[in-house]
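Residue numbers (my numbering), protein chains in the order written: chain A, 56 to 313; chain B, 75 to 333.
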């Protein structure tokens, strides 16, 4: 009964959120276009940096940039779902949902379905563009499974973080509080050059940044030479668990306010 | 008659400036994100200066120009959101019942964007200099950069106002934001055009007026006084501003006629 209620609520919230995502261009396009622009601009405009001394990577520069954009699409798919939750609170829908739903955990699960739909849509588009523009994938089937599983874990963590913020603050004004930390973590990683070629404070920041670990492992999957896979997955699962506790606290806060 | 126009512009400009500066959600991202990209790029891509033919010894000098154009994109968002809000709340309807001139309304509405543009230009220059950038054209060059930044803000702000007046929707304004970012990304923002390896990208960047605006600012930072680069830079920015102002004025006429 409890599990049935959870699935029922999750399915209803998920269907509504996915429907909203695919039928509202104002929601669909930004999440789709930003990673696409990043990919186009950097794979196209910066490919020359792939030939600077010390740049060693087992595939081409397009694949190098794809590794980053894949992570960006996954993370933003989660964060933008946090925006939808905040919007639902502003419109009063989420409050009514909290009063009506028998299992509140299903609400978060439903929003994750939407986050996955967002991320997968963007990833499909970017992958198609990357392959058309000459991305070389050296990794095999198992590498690709690892690549996309890690991306989905990042998506889950970002969604839980965003929903924790959205459920605590319950306003669209909270959007920067969801977006900026994720944006900072993403861009304080080795985005355009390998970690070894970063200089100054960005190098120091990247060494402490968990996204650096995800990014290097993602890129190693694409190059067919997986490195530090266990560490990357352990960090991703650990962060997702912390984010789960954060989201649970947010849900409790929203329940008290409802 | 002339004093009426000045009074109208002054009143609306004051409202627009106060309204923009009183919204941290408009001012903070417009300063924060360009500076963040500057910080990340200058550290992350310093090794790109090792590419043979790269025009500057520090990537910071090369990439500083991007802040000013990115700031202009936020100006478009700011102007568009404010104008759309005036349409949505009926403020524009009420104004249309007064003898207010269209010119005054448009110029007044864009004053907030210009104020934001001035704050951005000053901040980006000061932060750039503190971070170690050197402006080869000196103090006079810094003023020219600021002037070009204001022209960029006017042009992009007018695009935002045009979309807002045409659609009357804040969501539509938000919707053009990614498209305007595309204009920045598909330019010579990351590498000089002659060093872009992909032919199709180099061609797009060559047709993109944003490349010339960036190169105009960049010439003042890296080279000194380069008349040709400045002429292309100011020419491109002015062309965008004129076309967008004419379009916004026409959309305003239509919007006022509807009320």
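Where is the CB? At the ideal position from N, CA and C, for every residue including glycine.
Note that this is a predicted model, so its numbers are computed, not measured.
Within 10 Å of its beta-carbon, does residue i have 16 or more other beta-carbons around it, so buried, or fewer, so exposed?
{"i": "residue 276 of chain B", "result": "buried"}
{"i": "residue 282 of chain A", "result": "exposed"}
{"i": "residue 268 of chain B", "result": "exposed"}
{"i": "residue 167 of chain A", "result": "buried"}
{"i": "residue 78 of chain A", "result": "exposed"}
{"i": "residue 310 of chain A", "result": "exposed"}
{"i": "residue 301 of chain A", "result": "buried"}
{"i": "residue 102 of chain A", "result": "buried"}
{"i": "residue 238 of chain B", "result": "buried"}
{"i": "residue 114 of chain A", "result": "buried"}
{"i": "residue 177 of chain B", "result": "exposed"}
{"i": "residue 78 of chain B", "result": "exposed"}
{"i": "residue 155 of chain B", "result": "buried"}
{"i": "residue 245 of chain A", "result": "buried"}
{"i": "residue 108 of chain A", "result": "exposed"}
{"i": "residue 292 of chain B", "result": "buried"}
{"i": "residue 220 of chain A", "result": "buried"}
{"i": "residue 304 of chain A", "result": "exposed"}
{"i": "residue 344 of chain A", "result": "Beyond the ends of chain A as shown, which are 56 and 313, falls residue 344 of chain A; an answer cannot be given."}
Whose Cβ in chain A lies nearer than 8 Å to the Cβ of residue i?
{"i": "residue 124 of chain B", "result": "107 and 108"}
{"i": "residue 110 of chain B", "result": "238, 239 and 242"}
{"i": "residue 114 of chain B", "result": "242, 243, 246 and 257"}
{"i": "residue 103 of chain B", "result": "231"}
Can you list the residues of chain B that residue i reaches, using a CB-CB cut of under 8 Å?
{"i": "residue 80 of chain A", "result": "249"}
{"i": "residue 228 of chain A", "result": "99"}
{"i": "residue 85 of chain A", "result": "248, 249, 251 and 252"}
Along chain A, which residues have their Cβ under 7 Å away from the Cβ of residue i?
{"i": "residue 118 of chain B", "result": "246, 247, 248, 253 and 257"}
{"i": "residue 265 of chain B", "result": "100, 101 and 103"}
{"i": "residue 190 of chain B", "result": "Simply none; closest approach about 17 Å."}
{"i": "residue 256 of chain B", "result": "92"}
{"i": "residue 275 of chain B", "result": "99 and 100"}
Could you tell me which chain A residues have their CB closer than 9 Å to the CB of residue i, listed as they occur along the chain?
{"i": "residue 121 of chain B", "result": "104, 107, 108, 109, 110, 248, 252, 253 and 254"}
{"i": "residue 270 of chain B", "result": "99, 100, 101, 102 and 103"}
{"i": "residue 260 of chain B", "result": "92, 95, 96, 99 and 100"}
Residue i and residue j look like a contact to me (Cβ under 8 Å); what is the Cβ gap, rounded to whole Å?
{"i": "residue 128 of chain A", "j": "residue 178 of chain A", "result": "5 Å"}
{"i": "residue 213 of chain A", "j": "residue 134 of chain A", "result": "5 Å"}
{"i": "residue 256 of chain B", "j": "residue 270 of chain B", "result": "Their Cβ separation, rounded to whole angstroms, is 16 Å, which puts residue 256 of chain B and residue 270 of chain B out of contact at 8 Å."}
{"i": "residue 217 of chain A", "j": "residue 173 of chain A", "result": "So it is not a contact: roughly 11 Å between Cβ atoms."}
{"i": "residue 248 of chain B", "j": "residue 223 of chain B", "result": "That pair is no contact at about 23 Å."}
{"i": "residue 225 of chain A", "j": "residue 141 of chain A", "result": "7 Å"}
{"i": "residue 138 of chain B", "j": "residue 295 of chain B", "result": "6 Å"}
{"i": "residue 185 of chain A", "j": "residue 93 of chain A", "result": "Not confirmed; about 12 Å, so no contact."}
{"i": "residue 100 of chain A", "j": "residue 265 of chain B", "result": "6 Å"}
{"i": "residue 244 of chain B", "j": "residue 159 of chain B", "result": "6 Å"}
{"i": "residue 73 of chain A", "j": "residue 169 of chain A", "result": "5 Å"}
{"i": "residue 234 of chain B", "j": "residue 161 of chain B", "result": "That belief does not hold up - the Cβ atoms of residue 234 of chain B and residue 161 of chain B are roughly 13 Å apart, past 8 Å."}
Does the ligand PLP have a heavy atom nearer than 6 Å to the CB of residue i?
{"i": "residue 193 of chain A", "result": "This structure does not include the ligand PLP; it has no bound ligands of any sort."}
Step through the CB atoms of chain D and report whether any lies within less than 7 Å of the CB of residue i.
{"i": "residue 88 of chain A", "result": "Included in the structure are the protein chains A and B, with no chain D among them."}
I'd like to know if the stretch 257-265 of chain A and the stretch 125-143 of chain B are in contact, where contact means that at least 3 CB-CB pairs between them fall below 8 Å. Judged by Cβ distances under 8 Å, the stretch 257-265 of chain A makes no contact with the stretch 125-143 of chain B, as fewer than three pairs qualify.
How about the stretch 148-157 of chain B and the stretch 229-246 of chain B: do they share at least three Cβ pairs that are nearer than 8 Å? Note that the stretch 148-157 of chain B touches the stretch 229-246 of chain B; at least 3 beta-carbon pairs, one per stretch, sit closer than 8 Å.
For the stretch 286-294 of chain B and the stretch 305-317 of chain B, state whether three or more C-beta atom pairs, one from each stretch, are separated by less than 8 Å. Inter-segment contact for the stretch 286-294 of chain B and the stretch 305-317 of chain B is present: three or more beta-carbon pairs are separated by less than 8 Å.
Spell out a yes or no on whether the stretch 283-290 of chain A and the stretch 196-213 of chain A are touching, meaning 3 or more CB-CB pairs, one atom from each, closer than 8 Å. Contact holds: three or more Cβ-Cβ distances are below 8 Å.
For the stretch 174-185 of chain B and the stretch 81-91 of chain B, state whether three or more C-beta atom pairs, one from each stretch, are separated by less than 8 Å. Yes, since at least three Cβ pairs between the stretch 174-185 of chain B and the stretch 81-91 of chain B fall closer than 8 Å, the two stretches touch.
Check whether the stretch 162-178 of chain B and the stretch 249-256 of chain B touch, using three or more Cβ-Cβ pairs below 8 Å as the test. In short, these stretches do not touch, since the Cβ pair count stays below three.
Below 8 Å, how does it come out for the stretch 231-243 of chain A and the stretch 85-101 of chain A: are there three or more Cβ pairs, yes or no? The answer is no - the stretch 85-101 of chain A does not touch the stretch 231-243 of chain A, with fewer than three Cβ pairs under 8 Å.
Let me know the alpha helix (DSSP H) ranges lying completely inside the stretch 238-269 of chain A, each 4 residues or longer, listed in chain order. When DSSP assignments are scanned along the stretch 238-269 of chain A, the uninterrupted stretches of alpha helix (DSSP H) that are 4 or more residues long and fall wholly within it turn out to be 255-263.
Note down, one range per segment and in chain order, each alpha helix (DSSP H) of at least 4 residues found wholly within the stretch 97-153 of chain B. Listed in chain order, they are 98-118.
contact_flag[the stretch 131-149 of chain A, the stretch 189-198 of chain A] where n(CB pairs < 8 Å) is 3 or more: Cβ pair count under 8 Å is below three, so no.
Using a Cβ distance threshold of 8 Å, determine whether the stretch 108-120 of chain B contacts the stretch 194-207 of chain B, with at least three qualifying pairs required. The stretch 108-120 of chain B is in contact with the stretch 194-207 of chain B.
Which ranges does the alpha helix (DSSP H) cover as unbroken runs of at least 4 residues, wholly within the stretch 239-316 of chain B, from first to last along the chain? List check, alpha helix (DSSP H) in window: 244-259, 273-281 and 283-292.
With a floor of 4 residues, list each alpha helix (DSSP H) that falls wholly inside the stretch 153-218 of chain A, ordered by position along the chain. The qualifying runs are 160-187.
At which residue ranges does the stretch 159-188 of chain B contain complete alpha helix (DSSP H) runs of 4 or more residues, listed in the order of the chain? Within the stretch 159-188 of chain B, the complete alpha helix (DSSP H) runs of at least 4 residues are 165-170.
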